[in-house]
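What follows is the structure in structure tokens.
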């Protein structure tokens, strides 16, 4: 296995040299996508900010009792946005500004299964539309859906280039 730390350049290509990195962490990337929002603000994880788009990093911890109180985890939704919204409806979320884990890429990562991720994205689109009937959110969800599909294509190409080259 290849145990090394990698970073992203401007186009989200992996780079080994930190001096070439634009994004040193996934949070750096997420923050760049939400310039309207400061991760260290007291509004981190508030429902209105989450309905505009998911920005909560994928490495998170919460109490099992909180998860059960919001109805558990639904596997047919896209990524963790659904559970983030459910938790934000009842609880205060907090951002910890430290790397707390490393992400391992392998041939069976869920994000690489395009059909599965498309299905999950459609389910999330329906959920957001029902949770927020404001038409402006529908167009945001459509853009999100297309971004997820592009992300899948980029991820697939990146994985193939790293393992077939």
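Numbering (this note's numbering), first residue to last: 1 to 165.
Where a beta carbon is used, it is the ideal one built from N, C-alpha and C, also for glycine.
In this text, all values refer to a predicted model and were calculated from it rather than measured experimentally.
Asked	Found
On a Cα-Cα basis, can you pick out the residue from 63, 127, 6 that is closest to residue 25?	6
Within 10 angstroms of the Cβ of residue 19, are there 16 or more other Cβ atoms? Answer buried if so, exposed if not.	exposed
Give the DSSP-derived three-state secondary structure of residue 1 in the structure shown.	Annotation note: pLDDT 49 at residue 1 (below 50); position unreliable, coordinate value reported separately. Three-state result, residue 1: coil.
Should residue 88 go down as buried or exposed, given a rule of 16 or more other Cβ atoms within 10 Å for buried?	buried
Go through its chain and collect everything with a Cβ distance to residue 80's Cβ below 8 Å, but skip five positions before and after it.	54, 56, 58, 60
With contact counted as at least three CB pairs below 8 Å, one residue from each stretch, are the segment 88 to 100 and the segment 64 to 73 in contact?	yes
Where residue 44 and residue 65 are concerned, what is the direct C-alpha to C-alpha distance, given to the nearest angstrom?	21 Å
Could you spell out the range, first to last residue, of the alpha helix (DSSP H) harbouring residue 28?	26 to 33
If we call anything under 8 Å between Cβ atoms a contact, is residue 95 one with residue 127?	no
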